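Q:
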Amino acid sequence: MGVNNGLVPLEEEQDTTTDKSCVTQHRQLAHYFALLCFLLLIITLLLTLCLAQLTLVFQTQSTLQEAKVRDLTDKLEKLNQSYRLLFDQYPALNQYCPVHNISTGERACRPCPAGWTPHGHKCFLFSQDRADWISSQYHCMTLGGAVATVRTEEDQVFLWKKAQSLSQGDSYWLGLRSSGGGGGGWRWGDGSPLEKGPQFWAHQPAETDSMELCGRLTPGDNYRSGWFTSRCSNQLKRICERRQASLQNFSVEGFIQHLKMSDTIEEKIKSYRTAPFDARFPNTNQTRNCFQNYLDFHRCSKALSAKDQDTAPCEWYQRVYKSLCPISWVQKWDEQVDGGDGKEIINTAACGYVRFSTHLFGEIEEKRRREAAVKLTGGSHCGRTALSTGGRKVHPVTFEKMAEAEGKQVTGYLLFSLGTAVIGSLQFGYNTGVINAPEQKLRSFFNNTWIERYGVPISPGVCTIVWSVAVAIFSVGGMVGSFSVGVMANRFGRRRSMFLVNSLAVIGGLLMGFSTICSSYEMVIAGRLVIGLFCGLFTGLTPMYVGEVSPTPLRGAFGTLHQLSVVIGILIAQVFGLEALLGSDKLWPLLLALTVAPAVLQCILLPFCPESPRFLLINLKQEEQARKALVRLRGSEDVSKDLQEMKEESAKMAMEKKVTILELFRSAAYRQPLLIAIMLQLSQQLSGINAVFYYSTGIFESAGVKQPIYATIGAGIVNTIFTVVSLFLVEKAGRRTLHLLGLGGMAVSAVIMTVSLLLKNYTAMSYVAIMAVMLFVAMFEMGPGPIPWFIVAELFSQGPRPAAMAVAGCCNWTANFLVGMSFPKLVELCGPWVFLIFTAFLIIFFIFTFIKVPETRGKTFDEIAQSFGSAPPPTSISVEDPPASASASTAGTLPASPVKEKVPLVEAPAAAPPPATESTPLDDKSNSTVQESV
């Protein structure tokens with residue numbers, strides 16, 4: 000016994016020495032480990048700086064390349080304009096300089112077209128057919144002129160002698176017209192009063208005449224008494240006039256040489272069409288009324304200019320002309336006129352008159368009318384705004400810029416529709432974050448239920464499994480739901496699908512809400528499964544709907560609304576999860592069931608939202624319904640550009656069969672965008688963001704934070720703030736740049752988070768952990784958070800988009816499920832080192848994005864698809880097909896030349912050619928070398 004008592008202190012002393020040695024050894028290892036972590040941090044920072052430098056160099060080079068592209072685009076546009084100008088002159092060349100010698104191609108130029116008689120600076124045409132005054136004015140206008148005006152005695156003598164020599168006793172219409180009220184109401188066809196020039200009446204019109212009369216020239220014995228009055232409905236011959244062309248500096252060789260230079264862009268310009276007037280206005284009577292009403296409005300605007308205050312004269316024009324003129328841009332023009340002051344209306348009307356006359360009469364008459372408008376408006380300049388007539392873009396570049404500017408207008412109805420759609424995204428965020436706060440309450444509920452059933456407490460291992468299943472089953476439902484997006488979106492439409500899917504939110508919320516009453520933790524799991532199915536469907540439907548109703552210039556900014564709603568939902572769940580609110584032992588079922596409220600709200604609001612215009616036009620072929628939806632969303636009657644883009648996409652889809660998920664994987668055309676879509680979705684989930692939010696409270700507790708729940712709410716607030724920041728940056732910095740910035744920042748944050756968890760015994764490390772989590776969340780919302788959701792919708796055209804959204808959503812939810820199930824086990828195995836696994840993934844995704852992901856900012860769906868080769872190359876000018884009754888034939892015969900035949904720019908209706916005495920009018924554009932003589 001004594002020996003034994005003597006040995007005990009020795010053994011205790013040896014044990015103490017051994018313990019001290021172990022502690023010293025562990026301390027040394029800890030120091031080495033801290034040094035290793037510090038070195039790793041330094042290396043990571045250096046790598047990040049290198050990558051940032053590479054990114055900066057790449058962006059600089061990209062900027063230079065973009066500048067070169069813009070410069071080349073400007074040069075190409077100048078060539079396009081030169082080509083259009085030159086090619087539009089080709090019929091003019093044929094008129095004024097016909098081939099004189101066929102064998103040599105020699106031309107003889109003259110100032111007037113064939114059949115016209117030159118006099119002074121004008122060309123006159125004496126017709127042999129008869130028509131009323133309005134029809135005569137119309138026919139003269141289609142020839143690039145008007146019914147003749149007599150400004151000087153010399154003109155009167157010439158017309159009188161010419162008419163006398165052609166047919167004795169026949170009368171010819173002059174450009175004189177009275178609206179009633181005697182001689183004071185007589186005006187020429189251009190609106191100028193008769194009193195300002197000489198008069199040659201045989202009998203002065205009576206002041207008491209109230210009917211509408213027109214002036215005629217009847218050659219008699221004396222030219223001074225050659226004017227008479229007749230009812231405008233009488234059938235008489237007519238005299239047309241137009242200005243002569245100045246051919247002093249015209250060079251046929253130079254013209255042909257310029258035409259040769261344009262061969263390189265022929266394919267890009269060949270779709271340019273300018274149909275003649277008759278092809279656009281099949282109803283002749285309606286056309287004549289339209290012309291005369293516009294001439295009356297021109298006089299109305301002059302009268303209004305004198306008063307400068309009374310807008311009543313234009314009300315008649317707006318009422319009558321809208322109902323008579325089948326010109327799409329007139330209605331938009333009238334809307335701009337309505338509501339302005341007198342002077343503003345004058346300026347608008349005069350500029351509109353110049354554009355109208357330029358479009359119908361050709362630029363050979365533009366100068367005179369533009370000068371008249373400048374006098375009328377007091378010197379204001381009429382810019383060459385593009386006209387969109389009958390769906391045709393006459394001046395494509397200007398029109399596209401105008402349409403882009405209009406597309407940036409944000410209407411209240413558009414915001415209402417987007418806000419209603421993203422309610423589903425808010426529910427997704429709410430159900431993602433709501434499970435975090437009541438974790439201990441749920442575990443206690445699992446244990447109590449187990450005791451009631453089996454009489455013994457649940458083991459810690461089984462409780463962890465049940466908890467992990469309750470968390471991860473949400474992702475399983477999301478996987479299934481994401482695969483059903485395409486089927487529902489194509490079968491029921493975007494809006495109706497969202498309405499139907501809300502029933503799942505109601506079912507899932509009620510299952511979780513009544514779980515404590517029924518003492519069934521299985522109801523919690525089942526409710527989470529149904530809610531996951533609901534969220535999986537909405538993660539595809541919401542970005543799809545938002546992308547399809549948003550204007551192209553703002554599609555990226557509006558696309559981030561989905562992610563913004565998600566993070567707001569997460570924040571709401573974190574706040575409501577506080578024990579002082581709904582996170583208590585009694586109220587946590589209400590916390591889980593609260594998802595029913597936004598589902599009901601969305602069902603109430605959805606009937607007031609429009610269906611996706613793309614779905615209506617492309618899938619259902621309901622063009623009128625799509626147009627109405629676009630008009631309400633854009634707040635403008637002119638939605639032709641959006642409709643045209645959809646029609647082109649629909650035409651391309653008509654040549655392809657419906658794309659299924661299997662075909663999406665098999666087709667080489669979709670392989671690259673599909674790979675990008677999958678990798679972007681994986682970059683969102685494998686970045687570790689859901690691990691941070693699912694287990695944020697535990698992370699802060701491990702870091703030594705005393706109130707981890709409030710730190711988690713702080714992370715949610717940062718999450719929301721930086722989502723709003725990305726909303727404004729996404730259309731300026733671009734999708735690709737923000738995604739790279741987010742991935743790089745998250746990688747650095749993950750390393751800092753690892754170090755802070757390893758050194759949690761130091762007081763300062765708790766603050767470092769909080770800052771690391773905040774930075775991690777902020778960088779996530781700059782790029783990997785919002786970008787993958789809407790960029791997937793941008794990468795694909797209408798046909799494969801639903802299938803692509805289904806595949807991408809399934810990958811997202813699968814990764815979400817794997818992270819949710821494996822993260823607790825990874826924490827047990829790796830401890831604080833677990834976030835280095837996510838760091839490795841972030842670096843891989845950064846490299847992939849840098850190499851493979853294109854920039855989609857400011858591009859249409861079709862342009863993005865074409866960049867992958869999944870669609871035929873685009874044309875620079877998009878137009879509709881010409882009318883079936885129109886044939887592609889130019890006026891006159893093309894001259895013999897060494898250049899190959901061009902595609903004609905003027906389409907003539909399939910009707911009998913005009914009489915031989917009336918030549919085909921000049922085209923809409925004039926040559927800088929074929930000028931008017933002043």
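Counting along the sequence shown from 1, when you hit position 2 you're at 1 in numbering that gives the first Met the number 0, and nothing is skipped either side. Here a beta-carbon is modelled for each residue, glycine too, at the ideal position from N, C-alpha and C. Quick caveat, the model's predicted, so the values are computed rather than measured.
If residue 538 sits next to residue 427, beta carbons under 8 Å apart, how far is it from one beta carbon to the other, in whole angstroms?
A: Within the sequence shown, residue 538 is the residue found at index 539, counting from 1. Within the sequence shown, residue 427 is the residue found at index 428, counting from 1. Right, the Cβ-Cβ distance comes to about 6 Å (below 8 Å), so this counts as a contact.
Q: Please tell me whether residue 531 and residue 477 are closer than 8 Å, where the distance is taken between their beta carbons.
A: Position 532 of the sequence shown, counting from 1, holds the residue named residue 531. Position 478 of the sequence shown, counting from 1, holds the residue named residue 477. Their beta carbons are under 8 Å apart, which means residue 531 touches residue 477 by this criterion.
Q: Quick one: measure Cβ to Cβ for residue 540 and residue 423, integer angstroms, because I've assumed they're closer than 8 Å.
A: Residue mapping note: residue 540 aligns to position 541 of the sequence shown, counting from 1. Residue mapping note: residue 423 aligns to position 424 of the sequence shown, counting from 1. Their Cβ separation, rounded to whole angstroms, is 7 Å, which keeps residue 540 and residue 423 in contact under 8 Å.
Q: Is the region 509-528 touching the region 587-597, taking contact as three or more C-beta pairs under 8 Å?
A: Yes, the region 509-528 touches the region 587-597.
Q: Among 132, 664, 199, 242, which has the Cα closest to the Cα of residue 112?
A: Taking the sequence shown and counting its residues from 1, one reaches residue 112 at position 113. Checked all of 132, 664, 199, 242; the closest Cα to residue 112 is 242.
Q: What three-state label does DSSP hand residue 202 in the structure shown?
A: As a working note, residue 202 is residue 203 in the sequence shown. It is coil, neither helix nor strand.
Q: With residue 112 as the anchor, note down where its beta strand (DSSP E) starts and where it stops.
A: Counting from one through the sequence shown, the residue named residue 112 turns up at place 113. Neither: residue 112 is in no beta strand (DSSP E) and is coded neither H nor E.
Q: Could you tell me which residues DSSP puts in a beta bridge with residue 237?
A: Translated into positions along the sequence shown, residue 237 becomes position 238. Residue 237 pairs with 172.
Q: Is the CB-CB distance between residue 218 and residue 147 below 8 Å?
A: As a first step, residue 218 is located in the sequence shown; it is residue number 219 there, counting from the start. As a first step, residue 147 is located in the sequence shown; it is residue number 148 there, counting from the start. Result no, Cβ atoms of residue 218 and residue 147 do not sit closer than 8 Å.
Q: Tell me the rounded alpha-carbon separation between residue 196 and residue 149.
A: Translated into positions along the sequence shown, residue 196 becomes position 197. Translated into positions along the sequence shown, residue 149 becomes position 150. Approximately 8 Å, taken between the alpha carbons.
Q: Mind checking residue 282: buried by the 16 CB within 10 Å criterion, or exposed?
A: Counting from 1 along the sequence shown, the entry for residue 282 is found at position 283. For residue 282, the predicted model reports a pLDDT of 38, less than 50, meaning its position is unreliable and no value from the coordinates is stated.
Q: Spatial neighbours of residue 677 within its chain, please: C-beta separation below 8 Å, excluding the five flanking residues on both sides.
A: Here residue 677 refers to the residue found at position 678 of the sequence shown. Cβ within range, chain order: 806, 807, 810.
Q: Looking only at its chain, what residues have a beta carbon closer than 7 Å to the beta carbon of residue 847, apart from the 5 residues adjacent to it on each side?
A: The residue given as residue 847 occupies position 848 in the sequence shown. Once the five neighbours on either side are set aside, the close Cβ partners of residue 847 are 678.
Q: Identify, in the order they occur along the chain, each residue of the same chain with its Cβ nearer than 6 Å to the Cβ of residue 506, setting aside the five sequence neighbours on each side.
A: As a position in the sequence shown, residue 506 is number 507, starting the count at 1. Answer for residue 506: 529, listed in chain order.
Q: Taking the CB atoms as reference points, tell me whether residue 125 and residue 71 lie closer together than 8 Å.
A: Here residue 125 refers to the residue found at position 126 of the sequence shown. Here residue 71 refers to the residue found at position 72 of the sequence shown. No, the pair does not count as a contact, with Cβ atoms beyond the cut-off.
Q: What runs of the alpha helix (DSSP H), each 4 residues or longer, lie entirely inside the region 524-552?
A: If we require 4 residues or more, the region 524-552 turns out to have no alpha helix (DSSP H) run fully inside it.
Q: From the DSSP secondary-structure annotation, give me the bridge partner or partners of residue 230.
A: Counted from its first residue, the sequence shown places residue 230 at position 231. Residue 230 pairs with 212.
Q: Residue 464 to residue 833, Cα distance in whole Å?
A: Here residue 464 refers to the residue found at position 465 of the sequence shown. Here residue 833 refers to the residue found at position 834 of the sequence shown. Their Cα atoms are separated by approximately 20 Å.
Q: What are the residues that DSSP puts in a beta bridge with residue 224?
A: Working through the sequence shown from its first residue, we reach residue 224 at position 225. Residue 224 is not bridged to any residue.
Q: Assess contact between the region 466-484 and the region 564-578, defined as three or more Cβ pairs (one per stretch) separated by less than 8 Å. Is contact present?
A: In short, these stretches do not touch, since the Cβ pair count stays below three.
Q: Starting from residue 482, trace the alpha helix (DSSP H) both ways and give me its first and last residue.
A: Taking the first residue of the sequence shown as 1, we reach residue 482 at position 483. Run containing residue 482: 459-482, per the alpha helix (DSSP H) assignment.
Q: Where does residue 513 fall in DSSP's three states?
A: In the sequence shown, the residue the question calls residue 513 occupies position 514. If DSSP states are grouped into helix, strand and coil, residue 513 belongs with coil.
Q: Would residue 517 be called buried (16 or more neighbouring beta carbons within 10 Å of its own) or exposed?
A: Stepping through the sequence shown from its first residue, residue 517 is reached at position 518. Classification of residue 517: exposed, given that the 10 Å Cβ count is below 16.
Q: Quick one: what does DSSP say residue 142 is sitting in, helix, strand or coil?
A: What you label residue 142 is simply residue 143 of the sequence shown in a count that begins at 1. Looking at residue 142 - three-state DSSP - the assignment turns out to be coil, as it is neither helix nor strand.
Q: Give me, in chain order, the residues of the same chain whose beta-carbon lies closer than 6 Å to that of residue 448; leave out the 5 immediate sequence neighbours on both sides.
A: For this step, residue 448 is matched to residue 449 along the sequence shown. For residue 448, where only same-chain residues beyond five positions count, the Cβ hits under 6 Å are 518, 520.
Q: Within 8 Å, do at least three Cβ pairs link the region 711-729 to the region 775-787?
A: Cβ pair count under 8 Å is three or more, so yes.
Q: Less than 8 Å between the beta carbons of residue 432 and residue 812, yes or no?
A: Reading the sequence shown from its first residue, position 433 is the one you call residue 432. Reading the sequence shown from its first residue, position 813 is the one you call residue 812. No.
Q: Tell me, which residues are paired with residue 121 by DSSP?
A: Mapped onto the sequence shown, residue 121 falls at position 122. Residue 121 is bridged to 118, 242.
Q: Can you tell me the Cα-Cα spacing of residue 648 and residue 547, whole angstroms?
A: Position 649 of the sequence shown, counting from 1, holds the residue named residue 648. Position 548 of the sequence shown, counting from 1, holds the residue named residue 547. Going by the C-alpha atoms only, they are around 13 Å apart.
Q: Helix, strand or coil: how does DSSP classify residue 942 here?
A: The displayed coordinates of the chain run from 0 to 933. Any statement about residue 942 would go beyond what the structure contains.
Q: Have a look at the DSSP bridge pairing and note the partners of residue 192.
A: Your numbering for residue 192 matches position 193 in the sequence shown. In the DSSP output, where bridge partners are listed per residue, residue 192 has 186.
Q: If you reduce the DSSP assignment to three classes, tell me which class residue 177 lands in.
A: As a working note, residue 177 is residue 178 in the sequence shown. Three-state result, residue 177: strand.
Q: Using only the alpha-carbon positions, how far apart do residue 839 and residue 746 sit?
A: Position 840 of the sequence shown, counted from the start, is the residue given in the question as residue 839. Position 747 of the sequence shown, counted from the start, is the residue given in the question as residue 746. Each residue's alpha carbon lies about 8 Å from the other.
Q: Is the beta carbon of residue 132 less than 8 Å from the beta carbon of residue 239?
A: Locating residue 132 in the sequence shown gives position 133, counting from the first residue. Locating residue 239 in the sequence shown gives position 240, counting from the first residue. No.
Q: Could you give the distance in angstroms between the alpha-carbon of residue 667 and the alpha-carbon of residue 435?
A: As a first step, residue 667 is located in the sequence shown; it is residue number 668 there, counting from the start. As a first step, residue 435 is located in the sequence shown; it is residue number 436 there, counting from the start. Rounded to the nearest angstrom, the two C-alpha atoms are 43 Å apart.
Q: Are the beta-carbon atoms belonging to residue 459 and residue 450 less than 8 Å from one another?
A: For the purposes of this step, residue 459 is identified with residue 460 of the sequence shown, where counting begins at 1. For the purposes of this step, residue 450 is identified with residue 451 of the sequence shown, where counting begins at 1. Cβ atoms of residue 459 and residue 450: not closer than 8 Å.
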